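Read through the structure below, which is laid out as structure tokens, and then see the notes.
Protein chains in written order, with the working numbering: chain A, 17 to 125; chain B, 7 to 485.
Pasting the structure below:
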């Protein structure tokens with residue numbers, strides 16, 4: 017198969033997976049869900065990483081550094097914020113007060 | 007590491023396998039987000055999947071082929087971490103919507119920049135650059151750019167740098183249409199005229215046109231429609247990331263971007279449904295802009311507004327058996343959630359049932375009120391969704407409306423002339439008494455008069471929501 021066809025097949029299937037998984041999320045978790053999916057589209061940082069070595073010229077390099085920085089802000093910030101939010105729900109669920117100590121920066125790079 | 011080992015780690019098969027593990031973890035993590043118990047773990051699993059995807063990409067053959075690219079990549083990662091981590095850790099829960107908006111915006115911006123570089127790259131060796139790459143890059147450039155600039159405007163509005171009211175030029179919907187056409191036309195020009203050097207200018211033209219389009223799309227949208235806009239921009243960034251993934255033939259980017267695109271689309275639809283409006287009509291302009299017509303039912307509010315004191319409210323609450331709190335954006339602005347929690351504890355000590363009525367679009371992003379109240383330690387099961395709480399109002403003695411306006415406006419039910427007619431609301435006017443905590447008589451974001459305030463059951467407690475609630479609590483303690 018042509019690689020484009022495979023890519024498009026992946027695209028369509030992923031759309032259905034996203035639809036199925038997300039339609040089960042209760043209203044209460046809409047904010048964390050949005051901020052979690054927000055972190056996930058930070059995956060664009062990969063694009064910046066892949067292109068960096070092929071960058072011709074200073075302008076392209078500057079653009080890619082900014083793109084990688086943007087993507088990293090999106091990923092790191094998104095996951096940390098979601099973690100902080102969810103931690104509040106979790107502590108409430110158990111009826112115990114854990115404070116903010118659980119918001120560990122165990123995320124990613 | 008041995009030479010054979012390093013060749014294996016850089017092989018296409020190994021990296022593809024790592025990518026598959028990465029997106030499987032992300033999907034599994036998202037599945038965890040469907041319940042409060044598994045959500046924290048789910049988010050961390052997704053983050054771990056992301057880390058694997060980044061690590062695998064760094065191992066790809068050629069990523070570090072020049073020493074300068076190593077340092078540039080590290081530079082980008084460090085800048086992003088230094089900005090992103092403190093921002094995420096310090097942001098107040100009340101400022102969450104603008105934080106989500108800005109994180110979303112930079113994601114879209116990254117896609118636009120990547121597309122720009124790809125185009126510059128593509129022009130230097132046209133032969134190896136198939137049309138399909140070009141089409142998906144164009145899509146990414148346009149949607150990513152719209153998302154970036156649109157999110158910046160949303161951020162400005164939420165942060166009160168820009169006015170929250172719809173900003174409209176006369177005949178703006180026509181302008182929006184024109185810009186759409188302009189973008190499509192330029193895009194077509196690039197595709198058709200591919201092969202000449204002047205296209206760099208076309209690409210810049212597209213980015214600029216899409217930027218203006220992004221500004222034009224979000225500026226006319228009122229603050230009350232922000233939950234819909236934010237989730238729509240989120241979906242846009244997701245789709246643009248997926249498009250960039252197809253162009254680069256990177257399966258993780260396709261899967262992750264598409265999942266976000268699908269979920270953002272669902273959320274946007276849900277939010278729009280909760281306001282009984284269609285997504286296109288929201289994009290075409292917020293409440294209040296076009297509908298500045300003094301509401302059709304204006305004549306019937308000949309009644310007077312009765313203001314009350316914290317002491318009276320305390321006495322009223324003290325004799326109640328069931329109290330419902332209906333919070334809105336005003337509670338978030340005044341940071342009153344902790345005071346509200348204190349009030350809840352004080353009332354429950356007296357054996358009074360306290361429940362919270364959460365309208366799906368209360369606040370400025372989906373689930374905004376839930377997050378704030380959870381931050382203040384309000385138990386998860388005291389928060390009731392609209393359909394569960396509405397039958398409770400006839401049995402409720404006192405309803406406290408804290409900084410909510412449009413979501414409690416009975417005109418949505420009774421006044422066909424009202425711009426929000428048909429929007430499902432919290433039926434607070436069915437309870438025995440209503441106390442509205444409000445800064446002043448100014449109308450909400452929608453700029454619509456609220457007959458609830460003139461209802462004979464309603465009393466108004468004017469002032470800052472936090473100060474007012476604190477006063478009521480101390481009056482209660484003094485009783």
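We treat Cβ as the ideally placed atom computed from N, Cα and C, and that holds for glycine.
Predicted model, so just to flag it, every value in this text is computed and none were measured.
With a cutoff of 9 Å on beta-carbon distance, residue 155 of chain B and residue 220 of chain B are scored as near each other. The residues 366 and 372, in chain order, have a CB closer than 8 Å to that of residue 276 of chain B in the same chain once the five nearest residues on each side in sequence are set aside. Looking at the DSSP output, residue 439 of chain B bridges to B/404.
When C-beta distances to chain A are compared with 8 Å, the residues of the stretch 361-386 of chain B below that value are 364, 366, 371, 372, 373, 374, 376, 377, 380, 381, 383, 384, 385 and 386, in chain order.
In this structure, residue 471 of chain B lies away from residue 62 of chain A, with their beta-carbon atoms at least 9 Å apart. What residue 70 of chain B touches in chain A, judged by beta-carbon distance under 8 Å, is 69, going in chain order. Residue state for residue 466 of chain B is assigned as strand, using DSSP reduced to three classes. Distances from the alpha-carbon of residue 114 of chain B to those of B/236, B/242, B/320 and B/255 put B/242 closest. Chain A places a beta carbon closer than 9 Å to that of residue 89 of chain B, counting this residue as a contact. The beta carbon of residue 127 of chain B sits closer than 9 Å to some beta carbon of chain A.
For the pair of segments examined, the stretch 116-125 of chain B was found to touch the stretch 148-167 of chain B: the number of CB pairs separated by less than 8 Å reaches three. Counting along the chain, the unbroken alpha helix (DSSP H) around residue 252 of chain B starts and ends at 232-254. Taking 8 Å as the upper bound for CB-CB distance, residue 47 of chain A and residue 374 of chain B are in contact here, some 6 Å apart.
Against chain A, the CB of residue 39 of chain B has a partner CB under 9 Å away; the residue lies at that interface.
Here the stretch 17-24 of chain B does not lie against the stretch 67-80 of chain A, with fewer than 3 beta-carbon pairs under 8 Å apart.
Closer than 8 Å at the C-beta level to chain A, one finds no residue of the stretch 455-483 of chain B. A distance below 6 Å between beta-carbons, with the five flanking residues on each side excluded, links residue 21 of chain A to no residue of its chain.
One thing to note: residue 123 of chain B has its Cβ no nearer than 9 Å to the Cβ of residue 65 of chain A. Of all alpha-carbon atoms in B/99, B/348, B/73 and B/82, the one lying nearest the alpha-carbon of residue 335 of chain B is that of B/99. Secondary structure note for residue 364 of chain B: its beta strand (DSSP E) is the uninterrupted segment 359-364.
Membership of residue 317 of chain B in the alpha helix (DSSP H) is indicated by the continuous run 316-324. Residue 115 of chain B reaches chain A at 86, counting residues in chain order whose Cβ is nearer than 7 Å. Around the beta-carbon of residue 325 of chain B, fewer than 16 other beta-carbon atoms lie within 10 Å, marking it exposed.
The beta carbon of residue 482 of chain B sits closer than 6 Å to those of 320 and 352, all from its chain and outside the five residues before and after it, given in chain order. Listed by position along chain A, the residues whose Cβ is nearer than 8 Å to that of residue 56 of chain B are 55, 56, 58, 59, 91, 95 and 124. Taking each of B/317, B/97 and B/287 in turn and checking the Cα distance to residue 165 of chain B, the smallest one comes out for B/97. Around residue 105 of chain B, the beta-carbon contacts reaching into chain A at under 7 Å are 97. The residue from B/405, B/442 and B/144 with its alpha-carbon nearest to that of residue 191 of chain B is B/144. Beta-bridge pairing by DSSP links residue 444 of chain B to B/468. By the Cβ neighbour-count rule, residue 25 of chain A is exposed, with fewer than 16 other Cβ atoms within 10 Å of its own. Contact of residue 21 of chain A with chain B by beta-carbon distance below 9 Å is absent, the smallest such distance being about 10 Å. Taking 9 Å as the upper bound on Cβ-Cβ separation, chain A lies near residues 254, 255, 256, 257, 258, 259, 260, 261, 262, 263, 264, 265, 266, 267, 268, 269, 270, 271 and 272 of the stretch 254-272 of chain B.
Contact annotation, residue 430 of chain B with residue 280 of chain B: C-beta distance approximately 7 Å; criterion of less than 8 Å satisfied. Excluding its 5 nearest sequence neighbours in each direction, residue 440 of chain B has C-beta neighbours in its own chain below 6 Å: 405, 434, 463 and 464, listed in chain order. Using a CB distance cut-off of 9 Å, residue 428 of chain B does not count as an interface residue toward chain A. Here residue 332 of chain B carries a strand assignment [DSSP, helix/strand/coil].
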